[in-house]
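Position 229 of the sequence shown, counting from 1, maps to 229 under full-length UniProt numbering, and the rest follow consecutively. Report on one structure; see the data block that follows.
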Amino acid sequence: MEEKSFSVHNKDGAVSFQFSFKINTNDQEGLYSLYFHKCIGPKIQSNDKFSFSLDIEIIEKNPDSYLSAGEIPLPKLYISMAFFFFLSGTIWIHILRKRRNDVFKIHWLMAALPFTKSLSLVFHAIDYHYISSQGFPIEGWAVVYYITHLLKGALLFITIALIGTGWAFIKHILSDKDKKIFMIVIPLQVLANVAYIIIESTEEGTTEYALWKDSLFLVDLLCCGAILFPVVWSIRHLQEASATDGKAAVNLAKLKLFRHYYVLIVCYIYFTRIIAFFLKFAVPFQWKWLYQLLDETATLVFFVLTGYKFRPASDNPYLQLSQEEDDVEMESVVTTSGVMENMKKVKKVTNGAVEPQGDWEGTA
Numbered sequence: 001m002e003e004k005s006f007s008v009h010n011k012d013g014a015v016s017f018q019f020s021f022k023i024n025t026n027d028q029e030g031l032y033s034l035y036f037h038k039c040i041g042p043k044i045q046s047n048d049k050f051s052f053s054l055d056i057e058i059i060e061k062n063p064d065s066y067l068s069a070g071e072i073p074l075p076k077l078y079i080s081m082a083f084f085f086f087l088s089g090t091i092w093i094h095i096l097r098k099r100r101n102d103v104f105k106i107h108w109l110m111a112a113l114p115f116t117k118s119l120s121l122v123f124h125a126i127d128y129h130y131i132s133s134q135g136f137p138i139e140g141w142a143v144v145y146y147i148t149h150l151l152k153g154a155l156l157f158i159t160i161a162l163i164g165t166g167w168a169f170i171k172h173i174l175s176d177k178d179k180k181i182f183m184i185v186i187p188l189q190v191l192a193n194v195a196y197i198i199i200e201s202t203e204e205g206t207t208e209y210a211l212w213k214d215s216l217f218l219v220d221l222l223c224c225g226a227i228l229f230p231v232v233w234s235i236r237h238l239q240e241a242s243a244t245d246g247k248a249a250v251n252l253a254k255l256k257l258f259r260h261y262y263v264l265i266v267c268y269i270y271f272t273r274i275i276a277f278f279l280k281f282a283v284p285f286q287w288k289w290l291y292q293l294l295d296e297t298a299t300l301v302f303f304v305l306t307g308y309k310f311r312p313a314s315d316n317p318y319l320q321l322s323q324e325e326d327d328v329e330m331e332s333v334v335t336t337s338g339v340m341e342n343m344k345k346v347k348k349v350t351n352g353a354v355e356p357q358g359d360w361e362g363t364a
């Protein structure tokens, strides 16, 4: 590419110039960076310090969009993924209504997650649409997107941690150790989302951009590591319980489920934080949107598999322990009554599954 010179205008001590650059051939396509250098004049020594102010007005445009080549497909991508997240949330609500007798509070919290994610993607698509058509974002849509993105991020990590602790399934009260995890994860997740918002709203060349980009990567990894601790604690607890109490079969089934969930979380973190990150640097500039596609697809698969593993169903090993404990408590309450002293509880078995409620029989 040949070197070009542009005329410089000096007015009242202010120097100004303008230039344009067009990509006319396929050979010129690529990812360009623009650098400004202050040239040292003959009256200035090389070791002298000097300061200057600079105002830049840049207009960058592709034939049909103000977005870069790797971002042009993003509005359609985000709208499409928002539809799939909304569809998965609708199916989950239908399952909860159909199996309402086996539903816990955590199931409704899981239901809020895909809808929040869908809203976040819709607002993100709208934000990119205005950037594509006008060259700059609309502040109102950008703010709404940042708010929903913040809620989605916090809700995601809270839900993963609550499932890992067994809240509402195994226990109804969080232990002090579990509470400490939430005291760490929630502020870190808020900080990570603040860093993301600052990165989205600042230019790459600024000092703040590099600082917050490094902070986002570090804080996000800390959050991902912290949410694994409740799952590990639950696995250890089930290993000890299966060796001490009389419910070894149920505890082993739950142990297997928690191990699968642990592997699922690790794979989700691996794909969205590592594989997708390397993909961004491995593909050509016009395929940069594949990073967002892989990230959103991995998140959708993670949501669907988590919902399938912990769906409300009587044959789900995650729920059987809670039902059996309720039966034991009910039996102990009834047998303490003097009137029903000689009565005993009979459980009905249908197709190998124990019904949650049994009939009572006794002798007068």
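All residues carry an ideal CB built from backbone N, CA and C; glycine is no exception.
Host beta strand (DSSP E) of residue i (start-end)
i, result
"Ser16", "Ala14 to Ser16"
Same chain only: Cβ atoms within 7 Å of residue i, ignoring 5 sequence neighbours per side
i, result
"Glu296", "Met81"
"Gly70", "Phe285, Gln286, Trp287, Lys288 and Trp289"
"Glu329", "With a pLDDT of only 39 at Glu329, under 50, the local geometry of the prediction cannot be trusted, and no value is derived from it."
"Tyr209", "Ile199, Thr202 and Glu203"
"Lys213", "Ile199"
"Asp178", "Thr165 and Pro230"
"Gly89", "Ala111, Pro114, Phe115 and Ser118"
"Gln239", "Leu255"
"Leu77", "Trp289, Gln292 and Leu293"
"Leu31", "Phe285"
Selection from the options that minimises the alpha carbon distance to residue i
i, options, result
"Ile106", "Ile186, Gly166 and Ala313", "Gly166"
"Tyr308", "Phe19, Leu257, His37 and Glu29", "Leu257"
"Ile235", "Leu218, Ser53 and Tyr262", "Tyr262"
"Tyr128", "Pro73, Phe36 and Tyr270", "Pro73"
"Cys267", "Leu305, Ala161, Gly13 and Gln18", "Leu305"
"Asp64", "Ile131, Phe83 and Pro137", "Ile131"
"Tyr270", "Tyr35, Ala298 and Leu151", "Ala298"
"Met110", "Leu34, Gln292 and Ala154", "Ala154"
"Asp55", "His94, Asn62, Asp27 and Val15", "Val15"
"Phe85", "Leu238, Ala112 and Phe104", "Ala112"
"His237", "Leu222, Lys254, Cys223 and Cys224", "Lys254"
"Leu188", "Phe217, Ile163, Thr206 and Gly164", "Phe217"
"Lys152", "Phe278, Leu119 and Ile265", "Leu119"
"Ser53", "Ile197, Gly13 and Ile91", "Gly13"
"Pro137", "Ile158, Pro75, Ser33 and His37", "Pro75"
"Ile197", "Lys180, Glu139, Asp176 and Cys223", "Glu139"
"Val190", "Thr207, Leu211 and Ser215", "Ser215"
"Asn62", "Ala282, Asn24, Phe19 and Trp233", "Asn24"
"Tyr39", "Ser51, Gln28 and Tyr32", "Before going on, a small fix: residue 39 reads as Cys here, not Tyr. Here the closest residue by C-alpha is Ser51."
"Phe36", "Val232, Glu29, Gly205 and Val283", "Gly205"
"Trp233", "Phe281, Leu279, Phe19 and Leu162", "Leu162"
"Phe19", "Ala282, Lys11 and Leu34", "Leu34"
Identified DSSP bridge partners for residue i
i, result
"Asn10", "Val15"
Short Cβ contact (9 Å threshold) for residue i with residue j
i, j, result
"Ser68", "Glu60", "yes"
"Ile79", "Leu121", "yes"
"Ala142", "Ile184", "no"
"Tyr145", "Ile126", "yes"
"Pro312", "Arg99", "yes"
"Asp220", "Arg259", "no"
"Asn193", "Leu228", "no"
"Ile275", "Leu300", "no"
"Phe148", "Phe182", "Sequence inspection shows Thr at residue 148; the Phe mentioned does not correspond to that position. No, they are not a contact pair."
"Phe310", "Cys223", "no"
"Ile160", "Ile265", "yes"
"Tyr291", "Phe277", "yes"
Sequence-distant residues of the same chain with beta carbon closer than 8 Å to residue i, five excluded per side
i, result
"Glu3", "none"
"Trp108", "Leu96"
"Glu134", "Residue identity differs from the one stated: residue 134 is Gln in this sequence, not Glu. The answer, listed in chain order, is Tyr66."
"Ser332", "Per-residue confidence for Ser332 stands at a pLDDT of 38, beneath the threshold of 50, marking its modelled position as unreliable; no derived number is given."
"Gly338", "Residue placement at Gly338 is flagged as unreliable, the pLDDT there being 43, under the threshold of 50; the coordinate-derived value follows with that caveat. Nothing listed; no residue qualifies."
"Ala195", "Trp212, Lys213, Ser215, Leu216 and Val219"
Endpoints, alpha helix (DSSP H) assigned at residue i
i, result
"Cys223", "Thr207 to Ala226"
"Ala161", "Glu139 to Thr165"
"Arg276", "Note that residue 276 corresponds to Ala in the displayed sequence, not to Arg. From DSSP, the alpha helix (DSSP H) with Ala276 extends over Ala276 to Ala282."
"Ile197", "Asp176 to Ser201"
"Thr297", "Trp289 to Lys309"
"His107", "Lys105 to Gln134"
"Lys98", "Leu74 to Lys98"
Own chain residues within Cβ distance below 6 Å of residue i, not counting five before or after
i, result
"Phe17", "Phe6 and Val8"
"Glu324", "Its pLDDT being 45, under 50, Glu324 is placed unreliably in this model, and the value from its coordinates should be taken loosely. Excluding positions up to five away in sequence, the list is empty."
"Thr336", "At Thr336, the pLDDT of 41 sits below 50, so the modelled position is not reliable; the number obtained from the coordinates is stated separately. Within the same chain, Thr336 has no close Cβ partners at all."
"Gly352", "Below a pLDDT of 50, predicted positions are generally treated as unreliable, and Gly352, at 40, falls in that range; no measurement from the model is reported."
"Ala364", "Only weak support exists for where Ala364 lies, its pLDDT of 33 falling under 50; the value from the coordinates is given anyway. Closer than 6 Å at Cβ, skipping near neighbours: no residue."
"Lys280", "Tyr291"
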